[in-house]
Amino acid sequence: MAVVVSSGNAPAFKAKMTVYVFVCVVIAAFGGLIFGYDIGISGGVTAMDDFLKKFFPTVWEKKQHVHENNYCKYDNQFLQLFTSSLYLAALVASFLASAVCSKLGRKPTMQFASVFFLIGVGLTAGAVNIFMLIIGRILLGFGVGFGNQAVPLFLSEIAPAQLRGGLNIVFQLMVTIGIFIANLVNYFTATVHPNGWRIALGGAAVPAIILLFGSFIICETPTSLIERNKNEEGKEALRKIRGVEDINEEYESIVHACEIASQVKDPYRKLLKPASRPPFIIGMLLQLFQQFTGINAIMFYAPVLFQTVGFGSDAALLSAVITGVINVLSTFVGIYLVDRTGRRFLLLQSSVHMLICQLIIGIILAKDLGTTGSLGKPQALVVVIFVCVYVMGFAWSWGPLGWLIPSETFPLETRTAGFAVAVSCNMFFTFVIAQAFLSMLCGMRSGIFFFFSAWIIVMGLFAMFFVPETKGVAIDDMRERVWKPHWFWKRYMLAEDDDVEKRTE
Ligand code: BGC
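So in this note's numbering, spot 490 of the sequence shown is number 709, and the numbers just go up one at a time.
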């Protein structure tokens, strides 16, 4: 398929969607699959008695005696911390990963990620004491930090601009597939005693091996090669991924971006300058908003709701299958629409869509669910339907766009640093929600759905006024095409070159 990459009066870059790019996209996106698998597997494993008895005997003891009600499920901060330690490690690792990404390239960063994953999987699945388990979790976190840093950037840089959104969302697609597989694995390994948890944790080795071997097949991005003065190799790589001979214009534009980037000594300092403010603020807030949609809370609560609706002991499996399949399939809708309707349409549409779902769920639970009583079947069915509709909206909008937009809006000189801040913010807010959700649910009850609704209103308004459209704009052309014409952000573009730090400074 031939596409001409053009943005208004910006140069049109010729490109084809080549098989090679497709292969690169799929392999790299395995990084997303491991991330999704990690998100999905922890909850299941920490609920397995064999696992608790071995590593958290006191937690297990207590669990036998707690009386749970509808909102106050068993809540143990220490056990939660075990789950969320991965996000803390990833938060720190993303900064290290950004340096590796700039100095050595996107491809080695992915290779590091897969090695961290493999050692982490070995240690957690083979753990004989808590120490091995924790070190393993930290290494998995490093894998996530390195993978989530390199993969979305890699995808955005190798994709032709016209298809960038869709190709980048393959990352989120793999995240959703990872969550889905993990939920199935949890369900089936829970009945395997006493080592089911080892199989569940060990499963992450499969995508890690695919990523490791696959990473030898994929190319380095032209931008990263040229940035490191390997111009000829960069040109060759560009020709190979674009599938056309005439790549000069795009090549020149990358060289130009690299020249500007080479004048910046300290990308983190540069990030604090006014000209970096638009992508920086948007990149950070999108992470806050993505997590405060309440998606991980909803996913967590889904099995309880499915049980209430009458699926009985199969509730966990059914909830995993139904929400998991909806999550995966709806991501395809995002892939299809993101380069057609654009990013803003998806963000705005889904804000209204998710708000309505959260409000309906909140109202029904507030009205009909006592603390220990249960919902009537019809009400529970409505709640379950709206949980599914809600997951749909997230899957084609705030889920993938939380990764796509920060990966495509920073100029080259702050791209890896800016994206590292975005990744670490995502990890931080995922940590906050993972850590606080159970206590919040217990304290706020159905109010938690109104809490997330309020956030959805805020993020919808933010998207409406402050998130510009980046569909079809070449990745190194955002400043001219996106920020300078924007009603609000243009004020930061006035002193455009004042803040370029010269090497000679
Ligand atoms: C988010 C995760 C979430 C997942 C759900 C991702 O984009 O970062 O926190 O669990 O989407 O599909």
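No residue lacks a Cβ here, since even glycine has one placed at the ideal position from N, Cα and C.
**Three CB pairs or more closer than 8 Å across the stretch 365-384 and the stretch 341-353** = no
**Asked** Going by beta carbon distance, what residues of the same chain come within less than 8 Å of Leu565, once the five residues before and after it are set aside?
**Response** Gly553, Leu556, Val557, Trp615, Ser616, Leu620
**Item:** C-alpha distance - Phe331 paired with Gly362, whole-angstrom precision
**Value:** 7 Å
**Message:** Counting C-beta neighbours from all protein chains within 10 Å, is the total for Ser626 16 or more, i.e. buried, or is it exposed?
**Reply:** Buried, by the Cβ-count rule.
**Request:** Quick one: give me the first and last residue of the beta strand (DSSP E) that Phe530 is part of.
**Result:** First-last for Phe530: undefined, no H or E at that position.
**Message:** Do Gln509 and Asn387 have their beta-carbon atoms positioned less than 8 Å apart in this structure?
**Reply:** Not a contact, by the Cβ cut-off of 8 Å.
**Request:** Give the DSSP-derived three-state secondary structure of Lys703 in the structure shown.
**Result:** coil
**Asked** Under a Cβ-count criterion, where at least 16 other Cβ atoms within 10 Å of its own Cβ denotes burial, should Asp465 be classed as buried or exposed?
**Response** exposed
**Asked** Taking Phe301 as the reference, which of Trp708, Ala423, Asp257 has the closest Cα?
**Response** Asp257
**Request:** Measure the alpha-carbon distance for Pro413 versus Val404 and round it to whole angstroms.
**Result:** Cα to Cα, Pro413 sits roughly 15 Å from Val404.
**Asked** So, Ala456 versus Val370, is the Cβ gap smaller than 8 Å?
**Response** no
**Asked** Under 7 Å from any heavy atom of the ligand BGC, does the C-beta of Ile517 make it?
**Response** no
**Message:** Just to confirm before moving on: does the CB-CB distance between Gly360 and Ala309 stay below 8 Å?
**Reply:** yes
**Message:** As an exercise, report each continuous alpha helix (DSSP H) stretch of at least 4 residues that is fully enclosed by the stretch 365-420, in chain order.
**Reply:** 383-408
**Request:** Please report the Cβ distance between Ala521 and Ser549, rounded to the nearest whole angstrom; I am assuming they are in contact, meaning their Cβ atoms lie under 8 Å.
**Result:** Contact flag wrong, Cβ pair sits at about 15 Å.
**Item:** Classification of Gly662 by the beta-carbon crowding that lies within 10 angstroms, buried from 16 upward
**Value:** exposed
**Asked** Going along the chain, which residues of its own chain have a beta-carbon closer than 8 Å to the beta-carbon of Glu478, five neighbours each way excluded?
**Response** none
**Request:** Have a look at Met236 and Gly543 and give me their C-alpha separation to the nearest angstrom.
**Result:** 29 Å
**Message:** Whether or not the stretch 418-433 and the stretch 276-286 are in contact is what I'm after, with contact meaning three or more pairs of Cβ atoms, one per stretch, closer than 8 Å; do they touch?
**Reply:** no
**Message:** Does the beta-carbon of Gln725, which I'm using as the reference point, lie nearer than 7 Å to any heavy atom of the ligand BGC?
**Reply:** Because the chain here runs from 220 to 724, residue 725 falls outside it and cannot be looked at.
**Member of Gln482, Ile582, Cys438, Phe629 whose CA lies at the smallest distance from the CA of Arg461** = Cys438
**Prompt:** If we ignore side chains and look at the alpha-carbon of each, how far apart do Leu323 and Met712 end up?
**Reply:** 31 Å
**Item:** Reduced DSSP secondary structure (H/G/I, E/B, other) of Ala693
**Value:** coil
**Asked** Gly251 to Met393, Cα distance in whole Å?
**Response** 5 Å
**Prompt:** Just the Cα atoms here: how many angstroms apart are Phe650 and Ser643?
**Reply:** One C-alpha to the other measures close to 10 Å.
**Message:** How far does the alpha helix (DSSP H) with Tyr306 in it extend, from its first residue to its last?
**Reply:** 296-322
**Request:** Just mark Val389 as buried or exposed, buried being the case when its beta carbon has 16 or more other beta carbons within 10 Å.
**Result:** In summary, Val389 is buried, with 16 or more beta-carbon neighbours lying within 10 Å of its beta-carbon over all protein chains present.
**Asked** For Pro441, which three-state DSSP category applies?
**Response** helix
**Asked** Hey, out of Ser593, Asp533, Ala266, Phe681, whose CA is closest to Phe707's CA?
**Response** Cα-wise, what sits closest to Phe707 is Phe681.
**Request:** Could you spell out the range, first to last residue, of the alpha helix (DSSP H) harbouring Tyr487?
**Result:** Where Tyr487 is concerned, the enclosing alpha helix (DSSP H) stretches over 486-490.
**Item:** Which of helix, strand or coil DSSP assigns to Trp615
**Value:** Trp615: coil per DSSP, three-state reduction.
**Message:** Is the separation between the beta-carbon of Ser317 and that of Ala636 shorter than 8 Å?
**Reply:** yes
**Prompt:** Around the Cβ of Pro704, are there at least 16 other Cβ atoms within 10 angstroms (buried) or fewer (exposed)?
**Reply:** exposed
**Prompt:** Does the separation of the CB atoms of Val380 and Ile575 fall below 8 Å?
**Reply:** In the sequence under discussion, the amino acid at residue 380 is Ala, which differs from the Val named in the question. No, the pair does not count as a contact, with Cβ atoms beyond the cut-off.
**Request:** Note the first and the last residue of the continuous alpha helix (DSSP H) segment covering Ala266.
**Result:** Ala266 -> no alpha helix (DSSP H), and no H or E assigned at all.
**Asked** Rounded to whole angstroms, how far is the Cβ of Pro194 from the Cβ of Ile473, which I believe are closer than 8 Å?
**Response** As shown, the chain starts at 220 and ends at 724. That puts residue 194 outside it, with no answer to give.
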